[in-house]
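Visitor:
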Amino acid sequence: MNELYAEASVKRKETMGSYLARFGLIFIAVASVMLSFVASFLMIFAVAIIAVIIFYFPRLNVEYEYVFCDGQLDFDKIMGNSRRKTKLRIDMEQVTIAAPIGSHELDQYTHIQNIKVRDFSSGDSSVKPYVIMMQVGNQMTKILFEPSEKMIACMKQKAPRKVITY
203 MNELYAEASV KRKETMGSYL ARFGLIFIAV ASVMLSFVAS FLMIFAVAII AVIIFYFPRL
263 NVEYEYVFCD GQLDFDKIMG NSRRKTKLRI DMEQVTIAAP IGSHELDQYT HIQNIKVRDF
323 SSGDSSVKPY VIMMQVGNQM TKILFEPSEK MIACMKQKAP RKVITY
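Our numbering puts the last residue of the sequence shown at 368; the count rises by one with no breaks.
1) In terms of alpha-carbon separation, which member of VAL338, PHE322, GLY339 lies closest to TYR332?
2) State the DSSP-derived secondary structure class of PHE347, mapped to helix, strand or coil.
3) If distances are taken between C-alpha atoms only, which option among ARG261, ARG285, PHE347, GLN337 comes closest to ALA301?
4) Does PHE270 pass the burial test, meaning 16 or more other C-beta atoms within 10 Å, or should it be called exposed?
5) From ASP309 to ILE354, what distance separates their C-alpha atoms?
6) Just confirm the distance between the C-beta atoms of ILE345 and ARG320, as a whole number of angstroms; I'd bet it's less than 8 Å.
7) Going by CA-CA distance only, name the one from ALA223, THR217, ILE251 that's closest to ALA233.
8) Select from ILE246, GLY304, PHE259 the residue whose C-alpha is nearest the C-alpha of LYS330.
9) Could you tell me which residues DSSP pairs with SER328 in its beta bridges?
10) Which residues in the same chain as ASP326 place their Cβ atom closer than 7 Å to its Cβ, once the five residues preceding and following it in sequence are excluded?
11) Between which two residues does the alpha helix (DSSP H) containing VAL232 stretch?
12) Check each candidate in GLN341, MET357, LEU237 and name the one with the smallest Cα separation from ASN316.
13) Report buried or exposed for TYR368, applying the criterion of at least 16 other Cβ atoms within 10 angstroms of its Cβ.
14) Enumerate in chain order the residues of its own chain whose CB-to-CB distance from SER238 is below 7 Å, with the five nearest sequence positions on each side excluded.
15) Put GLU307 into one of helix, strand or coil per three-state DSSP.
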């Protein structure tokens, strides 16, 4: 049995937006609890805000997992270390090219207008992600992700002319 299998995962870097969302929700919760001492009907608002915090906070911890199995690449989003959702599933036959970002092989795709970008990378500027370019109908899609060396080797074995390595 000659199966190609590799998986990798990256934790999404905290953004300023997620920090602001956390701070804003905590500030609103504290303010609503303080105001509920003045007017008791505001206690319902305070309880609702606390329920939103309990529901929303775990969703701010995002991790991406990539699974490559026999020419199929799945991109899963894991929120709060518990909820998993498959965001994208592609077949290597659909891929036009896969190369490290900044590669000269990707230069021919810089002039294309209205490229749909799907970012499954960690967002860390010190890490150099891979780019997959693929055509879906009339729409060109650019996928950013951070595969492991084993995953790159498996992808290269499945589609040697489409995967560029350095």
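Backbone N, C-alpha and C define an ideal beta-carbon position, used for all residues, glycine too.
Guide: Looking at the atomic coordinates:
1) Of the residues VAL338, PHE322, GLY339, the one whose Cα lies closest to the Cα of TYR332 is PHE322.
2) DSSP places PHE347 in strand when its eight states are reduced to three.
3) Minimum Cα-Cα distance from ALA301 among the listed residues ARG261, ARG285, PHE347, GLN337 corresponds to PHE347.
4) Classified as buried, PHE270 has 16 or more neighbouring CB atoms from the shown chains inside 10 Å of its CB.
5) Between the alpha carbons of ASP309 and ILE354 lies a distance of about 20 Å.
6) ILE345 to ARG320, Cβ: 5 Å. Contact.
7) If we check each option's Cα against that of ALA233, ILE251 comes out closest.
8) Selected option, being the one with the closest Cα: GLY304.
9) DSSP output for SER328 lists no bridge partner at all.
10) Result list for ASP326: LYS215, in chain order.
11) In the DSSP assignment, VAL232 falls within the unbroken alpha helix (DSSP H) covering 218-240.
12) Cα-wise, what sits closest to ASN316 is GLN341.
13) Label assigned to TYR368: exposed.
14) Closer than 7 Å at the Cβ level, and outside the excluded window around SER238, lie LEU244, MET245, ALA248.
15) Three-state DSSP puts GLU307 in a helix.
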